[in-house]
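Participant: Residue numbers (the working numbering): 100 to 694. Every residue gets a Cβ at the ideal spot worked out from N, C-alpha and C, and that includes glycine. What you are looking at is a predicted structure, and each value in this text was computed from that prediction instead of being measured.
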Amino acid sequence: MNYSSPHRFHIPVMGLAYTVDSPIKVARFGISSVISIVEDRLIEMMRSHYYQTANLPYTPIAVHEEDYRAKRITDYLNLVNAIVQEQVEKLKTAAFEKGSEIIKYFEMLPEDSALKQLYRQMIKLNDQSEKEKIESYLRSQIVPGTIDVNIMTKVDRETFTKEGTLVEDGSDAVAALRGFVKSNLSNSSVIFSAGMNPRLYNYLEHCKELDANEEAVFTKKVVVKVSDYRSALIQGKYLAKKGIWVSEFRIESGLNCGGHAFATEGYLLGPILEEFKTKKEELTNSLFEIYNAAQLKKNNRSFEKAPAIVYSVQGGIGTYEEDVFLHQQYGIESTGWGTPFLLVPEATTVDDETLQLLCAAKEKDVVLSGNSPLGVRFHYLKGTSSAKEKAARISNGNPGSPCTEKHLSFNTEFTKEPICTASKKYQKLKLEQLKSLELPGPEYEKQVQEVLDKECLCVGLSNSAAINYQQTFVKKLEAVTICPGPNIANFSKVVSLQTMTNHIYGRENIMENKNRPHMFIAELNLYMNYLREQLADRAAIEQDAKKKKYIASFCTNLREGINYYRNLTTCALNGREAFESALHKTELELDVLLC
100 MNYSSPHRFH IPVMGLAYTV DSPIKVARFG ISSVISIVED RLIEMMRSHY YQTANLPYTP
160 IAVHEEDYRA KRITDYLNLV NAIVQEQVEK LKTAAFEKGS EIIKYFEMLP EDSALKQLYR
220 QMIKLNDQSE KEKIESYLRS QIVPGTIDVN IMTKVDRETF TKEGTLVEDG SDAVAALRGF
280 VKSNLSNSSV IFSAGMNPRL YNYLEHCKEL DANEEAVFTK KVVVKVSDYR SALIQGKYLA
340 KKGIWVSEFR IESGLNCGGH AFATEGYLLG PILEEFKTKK EELTNSLFEI YNAAQLKKNN
400 RSFEKAPAIV YSVQGGIGTY EEDVFLHQQY GIESTGWGTP FLLVPEATTV DDETLQLLCA
460 AKEKDVVLSG NSPLGVRFHY LKGTSSAKEK AARISNGNPG SPCTEKHLSF NTEFTKEPIC
520 TASKKYQKLK LEQLKSLELP GPEYEKQVQE VLDKECLCVG LSNSAAINYQ QTFVKKLEAV
580 TICPGPNIAN FSKVVSLQTM TNHIYGRENI MENKNRPHMF IAELNLYMNY LREQLADRAA
640 IEQDAKKKKY IASFCTNLRE GINYYRNLTT CALNGREAFE SALHKTELEL DVLLC
């Protein structure tokens, strides 16, 4: 039987630590969330914490054990699953009385939920016998949110034995995937983000756990995060040829998101969603034909009907009206609310110091930085303990971070063995090289800054959990990095899980910024800022035909996006006048920029 979520939203993966135990916090209330499984030391730390919390014996999985990375992940996911199942059983037997978790479960459901309406009917009944019948039925309908996992495909470092032999199928992403498929999770998904990784995708072909049963139902599903239709088509076809069905395309704004940002070529979220909407059937049919042929070859069977494909969206959603619009206008089945949930301790794991920094964050405090060693732009909150630590190291003439985890070690510019660009070793070598090049002053300073910007994410994005649970992640390294989306500027106080859910469903409004632009306009503004940055060196653009063509295409796509938004029906958007005024202003700015 196919799983049906009680809620219309999910909590996406955030950083490494911020949603590492979110299912333990929210799954019993029917809310789905996503765990990053890229950092196995963090996973091992969480195993230690939650075995103790559950009063169960903890047996460490040491790094010298064969396939230790996958084993850590499998065991942690099994532990999380066991905790959630126990929570759900306890919730099901709770009394329907004020303050109980079973009341909270039903109160948090969307208003148009059939179960919510039956619950409302039940609490008004005076007939005890009838009331108990409905209570019994309601208990039987309680289902937890899914425990999903995220693998960032670019984080796929090779691993070697002590003797220097390459470990077959031992790369970071492949081992993480193996950890997921060997877990006892059901109705769960692995979400691939950051584009296609052929090695990882080829390994999927050998994972029988991802096959559908005779009724075309999956126990474990594959979800692909994409920023446009073309990416969905390419990745979907590649996987279909391997006999792997993509059960969901998770569409994310290229720039209006947290963490790593993958800017499109000026394609805006609205037109992208429109393309998915109009081509849903075409996409399903084209993937199903390939998938069925692969299944026939692989498992000697085929299906009469294509399995379902879910479409979800995330990136900058901030109001009930926006959420409803996305569902109704584009047929979206689930919306991802990420950044706002960083201010919900009942849902995410953020240390107190960073939590206060998030509450105080204004628009200027979130920057699209070059801080990631991956070489991908990265939304970054200023003023964190990690930023202060980095500045202190630079000031002391000792830039760079100790590289203990090595998940982002991909650079071979100076060394045979890949190293991380945020590491002390790389930055020392690179800065020495820059000194020897005798570059013009401004160019030298620019390149030096690009080197010094790089920051250790493996540790920085993990430390919140270590601080909150008083665990040691890496000795003497306690600084925190956090990567909210620009939307954090619109949320300024810590709230409960129920309050945030009420905000999402329009029962309450916690947003204090009355001048906040619509999410489509906010994204458009981010793309305009990105364009200005690209146009900073016009002389260089004139000398680079490829760059010139890119800028022209980028601007054309922005203009087409603006025209698309202008033609949306009047009733589709609240604040239509302000929306159209912002479009007009941006169009004028485009004219000025390109004159």
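#1: Within 10 angstroms of the Cβ of V691, are there 16 or more other Cβ atoms? Answer buried if so, exposed if not.
#2: Give me the Cα-Cα distance between P585 and L473, rounded to the nearest whole angstrom.
#3: Check each candidate in N614, Y102, P111 and L556 and name the one with the smallest Cα separation from F291.
#4: At which residues does the beta strand (DSSP E) containing S292 begin and terminate?
#5: Please confirm whether P105 and V183 have their CB atoms less than 8 Å apart.
#6: What separation, rounded to the nearest whole angstrom, lies between the Cα atoms of V316 and K189?
#7: So within the segment 401 to 435, which uninterrupted alpha helix (DSSP H) runs reach at least 4 residues, ignoring any that extend past its ends?
#8: Helix, strand or coil: how does DSSP classify I650 here?
#9: Pull up the CB-CB distance for S346 and L368, whole angstroms please, since I reckon it's below 8 Å.
#10: Could you tell me if T447 is buried or exposed, where buried requires 16 or more neighbouring beta carbons within 10 angstroms of its beta carbon?
#11: With DSSP collapsed to three states, give me the class of I581.
#12: What is the DSSP secondary structure of A116, counted as helix, strand or coil?
#13: Does D268 come out as helix, strand or coil in the three-state DSSP assignment?
#14: Mark S285 as exposed unless 16 or more other C-beta atoms lie within 10 angstroms of its C-beta, in which case mark it buried.
#15: Entirely within the segment 161 to 213 and at least 4 residues each: give me those alpha helix (DSSP H) ranges in chain order.
#16: Do you know whose CA, among D226, N225 and F205, lies nearest Q216's CA?
#17: Over what stretch of residues does the beta strand (DSSP E) that includes R349 continue unbroken?
#18: Can you name, in chain order, every residue of its own chain whose Cβ lies under 8 Å from the Cβ of R256, other than the five neighbours on each side?
#19: So who's on the other strand from A311, going by DSSP bridges?
#20: Between which residues of its own chain and Y236 is the CB-CB distance below 8 Å, once the five residues before and five after are set aside?
#21: DSSP three-state label for K524, please.
#22: Excluding the 5 residues preceding and the 5 following T453 in the sequence, name in chain order all residues of the same chain whose CB lies nearer than 7 Å to its CB.
#23: Excluding the five sequence neighbours on either side, which residues of its own chain have a C-beta within less than 6 Å of the C-beta of L576, listed in chain order?
#24: Does the beta-carbon distance from K527 to G499 come in below 8 Å?
#25: Kindly indicate which residue of P616, N666 and G605 has the alpha-carbon position closest to the one of D211.
#26: Less than 8 Å between the C-beta atoms of G294 and T252, yes or no?
#27: Report the residue from Y429, S494 and K170 whose alpha carbon sits nearest the alpha carbon of V273.
#28: I want to check one thing, is the minimum distance from the CB of D310 to the heavy atoms of the ligand GDP below 7 Å?
#29: Identify which residue in E313, E679 and A565 has its Cα closest to the Cα of R400.
#30: Please state whether DSSP places V242 in a helix, a strand or coil.
#31: Check whether the Cβ atoms of F653 and G415 lie closer than 8 Å to each other.
#32: So, do the segment 563 to 573 and the segment 527 to 544 have three or more beta carbon pairs nearer to each other than 8 Å?
#33: For Y664 versus L693, is the C-beta spacing smaller than 8 Å?
#34: Would you mind reading off the limits of the beta strand (DSSP E) that contains S468?
#35: Between E234 and I172, what straight-line distance do the alpha-carbon atoms span, to the nearest angstrom?
#36: For Y157, which of helix, strand or coil comes out of DSSP?
Facilitator: So, from the listed chains and residues:
#1: As a working mapping, residue 691 is identified with position 592 in the sequence shown. Answer is exposed; the Cβ neighbour count stays below 16.
#2: Position 486 of the sequence shown, counting from 1, holds the residue named residue 585. Position 374 of the sequence shown, counting from 1, holds the residue named residue 473. Pairing P585 with L473, the inter-Cα distance amounts to about 21 Å.
#3: Here residue 291 refers to the residue found at position 192 of the sequence shown. Checking every option, the nearest Cα to that of F291 belongs to P111.
#4: Walking along the sequence shown from the start, residue 292 turns up at place 193. Unbroken beta strand (DSSP E) run through S292: S287 to S292.
#5: Position 6 of the sequence shown, counted from the first residue, corresponds to residue 105. Position 84 of the sequence shown, counted from the first residue, corresponds to residue 183. For P105 and V183, no; Cβs fall outside 8 Å.
#6: The sequence position of residue 316 within the sequence shown is 217, counting from 1. The sequence position of residue 189 within the sequence shown is 90, counting from 1. V316 and K189 have their alpha carbons spaced roughly 28 Å apart.
#7: 419 to 429
#8: Reading the sequence shown from its first residue, position 551 is the one you call residue 650. It is helical.
#9: Position 247 of the sequence shown holds residue 346. Position 269 of the sequence shown holds residue 368. 22 Å between Cβ atoms; not a contact.
#10: The count along the sequence shown starts at 1 and reaches residue 447 at position 348. T447 comes out buried.
#11: Locating residue 581 in the sequence shown gives position 482, where the first residue counts as 1. Here I581 sits in coil by DSSP.
#12: In the sequence shown, counting from the first residue as 1, residue 116 sits at position 17. Reduced to three states, the DSSP call for A116 is coil.
#13: Numbered from 1 along the sequence shown, position 169 holds the residue referred to as residue 268. Coil, per DSSP.
#14: For the purposes of this step, residue 285 is identified with residue 186 of the sequence shown, where counting begins at 1. Per the 10 Å Cβ criterion, exposed.
#15: Within the segment 161 to 213, the complete alpha helix (DSSP H) segments at least 4 residues long are 167 to 191 and 200 to 206, listed from N- to C-terminus.
#16: As a first step, residue 216 is located in the sequence shown; it is residue number 117 there, counting from the start. Comparing Cα-Cα distances from Q216 to each of D226, N225 and F205, the minimum goes to F205.
#17: Reading the sequence shown from its first residue, position 250 is the one you call residue 349. Run containing R349: V345 to E351, per the beta strand (DSSP E) assignment.
#18: Taking the first residue of the sequence shown as position 1, residue 256 is located at position 157. Closer than 8 Å at the Cβ level, and outside the excluded window around R256, lie S270, D271, K505, H506, L507, S508, F509 and P517.
#19: Here residue 311 refers to the residue found at position 212 when the sequence shown is read from its first residue. Per DSSP, F317.
#20: Working through the sequence shown from its first residue, we reach residue 236 at position 137. Around Y236: L217.
#21: Position 425 of the sequence shown, counting from 1, holds the residue named residue 524. Three-state result, K524: helix.
#22: Position 354 of the sequence shown, counted from the first residue, corresponds to residue 453. Excluding residues within five positions, the ones whose Cβ falls inside 7 Å are T483, S563, V579 and I581.
#23: Locating residue 576 in the sequence shown gives position 477, counting from the first residue. These residues qualify, in order along the chain: V558.
#24: Residue mapping note: residue 527 aligns to position 428 of the sequence shown, counting from 1. Residue mapping note: residue 499 aligns to position 400 of the sequence shown, counting from 1. Yes, the Cβ-Cβ distance between K527 and G499 is below 8 Å.
#25: Within the sequence shown, the letter at position 112 stands for residue 211. If we check each option's Cα against that of D211, G605 comes out closest.
#26: Walking along the sequence shown from the start, residue 294 turns up at place 195. Walking along the sequence shown from the start, residue 252 turns up at place 153. Yes, they are a contact pair.
#27: Here residue 273 corresponds to residue number 174 of the sequence shown, with the count starting at 1. Minimum Cα distance to V273 is reached at K170.
#28: Annotation note on the ligand GDP: not contained in the displayed structure, which lists no ligands.
#29: The sequence position of residue 400 within the sequence shown is 301, counting from 1. The shortest CA-to-CA distance from R400 to any of E313, E679 and A565 is the one to E313.
#30: Position 143 of the sequence shown, counting from 1, holds the residue named residue 242. DSSP places V242 in coil when its eight states are reduced to three.
#31: The residue given as residue 653 occupies position 554 in the sequence shown. The residue given as residue 415 occupies position 316 in the sequence shown. Contact: no.
#32: no
#33: The residue labelled residue 664 in the question sits at position 565 within the sequence shown. The residue labelled residue 693 in the question sits at position 594 within the sequence shown. It is not a contact, given that the beta carbons lie outside the stated cut-off.
#34: Here residue 468 refers to the residue found at position 369 when the sequence shown is read from its first residue. Annotation for S468: the continuous beta strand (DSSP E) segment containing it runs V465 to S468.
#35: Counted from its first residue, the sequence shown places residue 234 at position 135. Counted from its first residue, the sequence shown places residue 172 at position 73. Near 38 Å, if we compare the C-alpha coordinates of I172 and E234.
#36: Here the question's residue 157 lines up with position 58 in the sequence shown. Under the three-state reduction of DSSP output, Y157 falls in the coil class, being neither helix nor strand.
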